[in-house]
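Numbering (this note's numbering), first residue to last: 4 to 188.
Yeah, the Cβ is synthetic: ideal placement off N, Cα and C, and Gly gets one too.
Reviewing the structure listed below.
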Amino acid sequence: MPRHIVVPAVALVVVLMATPMTLQGDPFLYAFSGFDLFTLEPESFSFYEPGLITTNGPFSFTPFTISGTTLTFGIFELSPSAPACFEFADVAGMAGITECGEVLNPNEFWSDFPGATNVGTYLASIGGGTCNPPQQPCVVLTSLIITQTSEPSSLTLLGSGLAGLGTIVRRKLSLSFAIRLNSAS
Numbered sequence: 004m005p006r007h008i009v010v011p012a013v014a015l016v017v018v019l020m021a022t023p024m025t026l027q028g029d030p031f032l033y034a035f036s037g038f039d040l041f042t043l044e045p046e047s048f049s050f051y052e053p054g055l056i057t058t059n060g061p062f063s064f065t066p067f068t069i070s071g072t073t074l075t076f077g078i079f080e081l082s083p084s085a086p087a088c089f090e091f092a093d094v095a096g097m098a099g100i101t102e103c104g105e106v107l108n109p110n111e112f113w114s115d116f117p118g119a120t121n122v123g124t125y126l127a128s129i130g131g132g133t134c135n136p137p138q139q140p141c142v143v144l145t146s147l148i149i150t151q152t153s154e155p156s157s158l159t160l161l162g163s164g165l166a167g168l169g170t171i172v173r174r175k176l177s178l179s180f181a182i183r184l185n186s187a188s
């Protein structure tokens, strides 16, 4: 089989095989918003997870600072009788982290987001969240948006593959046009 047919066909197969894999492996963005209970100032934070958070237990994220406290620990709880609960704490709060709905340690807060196990926008349940005044942070979370995002490296890979395929097609068309010109003269 001629090379000018094989190369584009192989490039097309590679692009088609790579596209579904990049879409399945894209991370999820968890974006929380709410307000500080003492100042009533808006607060928000977000982090990426490689997959949806759907099982009980701790989850990791890049530490972030809110109301002057750097939060380093998160735990997710879900039960048949309770909504999805996200709890955040710093190193001190992590030592004695409580379950959602219990009295909190300093530097720890939580909120319930019913049904928050898939991509979507969720509102905190009324009364389903708390902090431990007068300790900071005392953030009342009101909404959560979960989205799936594309990794820049996946988009770069797809773009370079398509650019390569375009170059091959352009060369093939140029070669075909040159052959026609030579045979016409």
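Item to complete: Could you check what DSSP says for Ile56 in three-state terms: helix, strand or coil?
Response: One-based indexing of the sequence shown puts residue 56 at position 53. Residue state, collapsed to three classes: coil.
Discussion item. Suppose contacts are defined by Cβ-Cβ distances below 9 Å. Is Phe31 in contact with Gly54 by that definition?
Written reply: Residue numbering aside, residue 31 sits at position 28 when the sequence shown is read from its first letter. Residue numbering aside, residue 54 sits at position 51 when the sequence shown is read from its first letter. Yes, the pair counts as a contact, with Cβ atoms nearer than the cut-off.
Worksheet item: In whole angstroms, what separates the C-alpha of Thr58 from that of Phe67?
Response: Residue 58 sits at position 55 when you count from the first residue of the sequence shown. Residue 67 sits at position 64 when you count from the first residue of the sequence shown. Thr58 and Phe67: Cα-Cα distance of roughly 23 Å.
Worksheet item: From Leu144 to Gly169, what distance separates their C-alpha atoms?
Response: Locating residue 144 in the sequence shown gives position 141, where the first residue counts as 1. Locating residue 169 in the sequence shown gives position 166, where the first residue counts as 1. If I take the Cα positions, the gap works out to 48 Å.
Worksheet entry | Residue nearest to Phe50 in terms of C-alpha spacing, selected from Ala34, Thr42 and Phe62 | Residue mapping note: residue 50 aligns to position 47 of the sequence shown, counting from 1. Phe50 has its Cα closest to that of Ala34, out of Ala34, Thr42 and Phe62.
Fill in: Proximity to Leu74 [Cα-Cα], best of Ser82, Leu81, Thr152 and Val94
Along the sequence shown, one-based indexing puts residue 74 at 71. Of the listed residues, the one whose Cα sits closest to Leu74 is Val94.
Worksheet item: For Ser82, is the classification buried or exposed, using 16 other Cβ atoms within 10 angstroms of its Cβ as the cut-off for buried?
Response: Looking up residue 82 in the sequence shown gives position 79. Exposed is the call here.
Item to complete: Can you say whether Glu44 is buried or exposed, counting buried as having 16 or more other CB atoms within 10 angstroms of its CB?
Response: Locating residue 44 in the sequence shown gives position 41, where the first residue counts as 1. By the 10 Å Cβ count, Glu44 comes out exposed.
Item to complete: Give the range of the beta strand (DSSP E) segment to which Asp29 is assigned.
Response: Position 26 of the sequence shown, counted from the start, is the residue given in the question as residue 29. That residue, Asp29, is in no beta strand (DSSP E); it is neither H nor E in DSSP.
Worksheet entry | Endpoints, the beta strand (DSSP E) within which Gly71 is located | On the sequence shown, residue 71 is found 68 positions in, with the first residue counted as 1. Careful: Gly71 lies outside any beta strand (DSSP E) and carries neither H nor E.
Discussion item. Assuming Phe116 and Leu165 are in contact, meaning their beta carbons sit under 8 Å apart, how far apart are those beta carbons, in whole angstroms?
Written reply: In the sequence shown, counting from the first residue as 1, residue 116 sits at position 113. In the sequence shown, counting from the first residue as 1, residue 165 sits at position 162. That belief does not hold up - the Cβ atoms of Phe116 and Leu165 are roughly 39 Å apart, past 8 Å.
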